[in-house]
Amino acid sequence: MTTTVTAYAAPSAKAPLERTTIPRRAVREHDVLIDIKFAGICHSDIHQVRDEWGGAQFPMVPGHEIAGIVTEVGPGVTKYAVGDRVGVGCFVDSCRECENCLAGDEQYCLKGGTGTYNATGRDGEPTYGGYSTHVVVDEHFVLGIPEGLGLDVAAPLLCAGITLYSPLKHWNAGPGKKVAIVGMGGLGHMGVKIAAALGAEVTVLSQSLRKQDDAKRFGADHYYATSDEATFQQLAGHFDLIVNTVSANLDLDSYLSLLRVDGTLVNVGAPEHPVSLNVFSLIGGRRSLAGSMIGGIRETQEMLDFCAEHNLGAEIELISADQINEAYDRVVTSDVRYRFVIDTATI
Ligand code: NAP
Ligand code: ZN
Ligand code: ZN
Numbered sequence: 000m001t002t003t004v005t006a007y008a009a010p011s012a013k014a015p016l017e018r019t020t021i022p023r024r025a026v027r028e029h030d031v032l033i034d035i036k037f038a039g040i041c042h043s044d045i046h047q048v049r050d051e052w053g054g055a056q057f058p059m060v061p062g063h064e065i066a067g068i069v070t071e072v073g074p075g076v077t078k079y080a081v082g083d084r085v086g087v088g089c090f091v092d093s094c095r096e097c098e099n100c101l102a103g104d105e106q107y108c109l110k111g112g113t114g115t116y117n118a119t120g121r122d123g124e125p126t127y128g129g130y131s132t133h134v135v136v137d138e139h140f141v142l143g144i145p146e147g148l149g150l151d152v153a154a155p156l157l158c159a160g161i162t163l164y165s166p167l168k169h170w171n172a173g174p175g176k177k178v179a180i181v182g183m184g185g186l187g188h189m190g191v192k193i194a195a196a197l198g199a200e201v202t203v204l205s206q207s208l209r210k211q212d213d214a215k216r217f218g219a220d221h222y223y224a225t226s227d228e229a230t231f232q233q234l235a236g237h238f239d240l241i242v243n244t245v246s247a248n249l250d251l252d253s254y255l256s257l258l259r260v261d262g263t264l265v266n267v268g269a270p271e272h273p274v275s276l277n278v279f280s281l282i283g284g285r286r287s288l289a290g291s292m293i294g295g296i297r298e299t300q301e302m303l304d305f306c307a308e309h310n311l312g313a314e315i316e317l318i319s320a321d322q323i324n325e326a327y328d329r330v331v332t333s334d335v336r337y338r339f340v341i342d343t344a345t346i
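Under numbering that gives the first Met the number 0, the sequence shown has 14 at position 15, and the numbering climbs by one with no breaks.
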């Protein structure tokens, strides 16, 4: 039998979020019921609530950076027990049999993974995210949060953390590699921390000098303002890897010019509008332009264990549920240090 729980939802595109109730399914054979303690606010929540990517489903309960405690398990559950500290990220199901699912890259499921919210589950029911008191998820898509990481600072790792960890690992960020992180918001600040912990030489490229001291504290070696034209001349041909976390369109040619021969610019920021570039920016240095989306379940667990080992939590501003709409406006104006996290007890 489904239960009714409290949540914050957007009733329609661009409408403010408001308190409401939603159904949660009964715990099935392989499900766990999670008492949500904290939910991070990702810029993707805002893109989707405002229907900037198209195809949004309403009412929408956003939230794919979920941390909480298991309070019930189905009879077939083997990974978790009542009382375990767990997290849920951006997807809650996938086909589990395609090439990508079998390789542990469920985020690239060929039949389409099921988003934690703004999606329709394989049972035909809409999925609702973490701005809520409880969620029911198949154990395969639930992560263990190691002791030593607070649930509040761990929540943002479920999206922001893995979205940076995965490309940094894939493109071998480590000792001897010059890595730039463009945009130091929720994703970017975790990118700085993780790239530094991996041993790379880390540079932040931010719009202004406002966050310079914080960047150094997170482990950055260098920091430049992109509003200063001289930055682009000074750093031409410099980086092995640039990870762009910016939620708006950038002049890609300028950023590609900062790559060494064989360097890669990876886009994880997901702006509303298509981008364009001059192909000479690529062929003039055998450069690559790439994209990357979150990470698979196995890699997300690896990331959580890595962050616990290196004591890398997110820098958060804890808010109550009635501050969500104000927080959205602050994220859009880059006024977040560095992730808003909702205390779900206030929902
Ligand atoms: P965020 O907290 O808003 O951070 C984005 C940062 O980009 C800002 O803090 C700002 O940093 C910079 N920025 C914003 N507007 C800019 C502009 N007009 N020009 C230049 N720089 C600008 O957002 P987030 O939660 O980190 O998410 C970033 C993007 O990644 C969003 O588009 C989101 O949807 C996407 N995303 C993608 C994935 C994936 O799997 N690929 C996963 C999660 C999120 P500075 O002030 O330092 O310049
Ligand atoms: Zn996200
Ligand atoms: Zn699949």
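Cβ atoms here follow ideal geometry from the backbone N, Cα and C, with glycine treated the same way. The model shown is predicted, which means the values in this text are computed figures rather than measured ones.
Expected contact under 8 Å - CB spacing of residue i and residue j to nearest Å
i              : j                : result
alanine 219    : threonine 230    : That belief does not hold up - the Cβ atoms of alanine 219 and threonine 230 are roughly 14 Å apart, past 8 Å.
glycine 62     : serine 131       : 7 Å
leucine 264    : isoleucine 293   : Rounded, the Cβ-Cβ distance is 19 Å, inconsistent with contact.
alanine 224    : phenylalanine 37 : Not really, about 32 Å apart at Cβ, beyond 8 Å.
aspartate 137  : valine 91        : 7 Å
valine 152     : alanine 344      : Rounded, the Cβ-Cβ distance is 17 Å, inconsistent with contact.
isoleucine 193 : leucine 234      : That belief does not hold up - the Cβ atoms of isoleucine 193 and leucine 234 are roughly 21 Å apart, past 8 Å.
histidine 133  : isoleucine 35    : 6 Å
Residues sharing a beta bridge with residue i, DSSP
i                : result
serine 11        : Looking at the DSSP assignment, serine 11 forms no beta bridge with any residue, so it has no partner.
aspartate 92     : Thr113
methionine 59    : Ala9
phenylalanine 37 : Ala66, Asp342
glycine 143      : Val85
serine 364       : In this structure the chain extends from 0 to 346, so residue 364 is not present and cannot be described.
alanine 196      : Note: alanine 196 sits in no beta bridge, so no partner.
leucine 148      : The partner list for leucine 148 (beta bridge, DSSP) is empty, contrary to what the question assumes.
aspartate 30     : Asp137
alanine 118      : Thr126
Residue of the options minimising C-alpha distance to residue i
i              : options                        : result
arginine 338   : Arg27, Asn324, Ser11, Ile318   : Ile318
isoleucine 21  : Thr5, Lys13, Val85, Ser165     : Thr5
glycine 198    : His309, Glu314, Ala66, Pro10   : His309
asparagine 171 : Asp261, Asp321, Tyr7, Cys306   : Asp261
proline 349    : Ile68, Glu28, Val60, Thr345    : Residue 349 is absent from the structure shown; the chain starts at 0 and stops at 346.
arginine 24    : Glu17, Arg18, Leu16, Ile33     : Ile33
leucine 156    : Tyr116, Ala344, Gly39          : Gly39
lysine 210     : Gly184, Tyr327, Ala12          : Gly184
proline 347    : Leu249, Ala159, Ala196, Leu251 : Within the shown structure, residues of the chain are numbered from 0 to 346, placing residue 347 beyond reach of any answer.
leucine 276    : Leu251, Glu64, Ser246          : Leu251
serine 43      : Gly190, Ser333, Ala307, Pro270 : Pro270
Simplified DSSP assignment, three categories, for residue i
i              : result
asparagine 243 : strand
leucine 186    : helix
histidine 133  : strand
tyrosine 337   : coil
proline 273    : coil
alanine 344    : helix
leucine 16     : coil
asparagine 99  : helix
arginine 209   : coil
histidine 221  : strand
threonine 230  : helix
alanine 80     : coil
alanine 320    : helix
serine 43      : helix
proline 22     : strand
valine 278     : coil
valine 265     : strand
arginine 286   : coil
glutamate 71   : strand
alanine 313    : coil
proline 174    : coil
leucine 163    : helix
alanine 235    : coil
threonine 299  : helix
Contact with chain D by residue i, beta-carbon distance below 8 Å
i             : result
threonine 244 : Of the chains in the structure shown, none is chain D; there is only one protein chain.
Original post:
Counting Cβ pairs closer than 8 Å, one from the stretch 125-141 and one from the stretch 48-60, do we hit at least three?
Top reply: yes
Subject >> Contact between the stretch 269-287 and the stretch 185-205 (3+ Cβ pairs under 8 Å) >> reply: no
Subject >> Three CB pairs or more closer than 8 Å across the stretch 107-122 and the stretch 0-14 >> reply: no
Subject >> Three CB pairs or more closer than 8 Å across the stretch 295-308 and the stretch 141-158 >> reply: yes
Original post:
How do the stretch 96-105 and the stretch 39-55 stand: do at least 3 beta-carbon pairs fall below 8 Å, yes or no?
Top reply: no
Subject >> Validate contact between the stretch 163-179 and the stretch 242-259 using beta carbons, cut 8 Å, 3 pairs >> reply: yes
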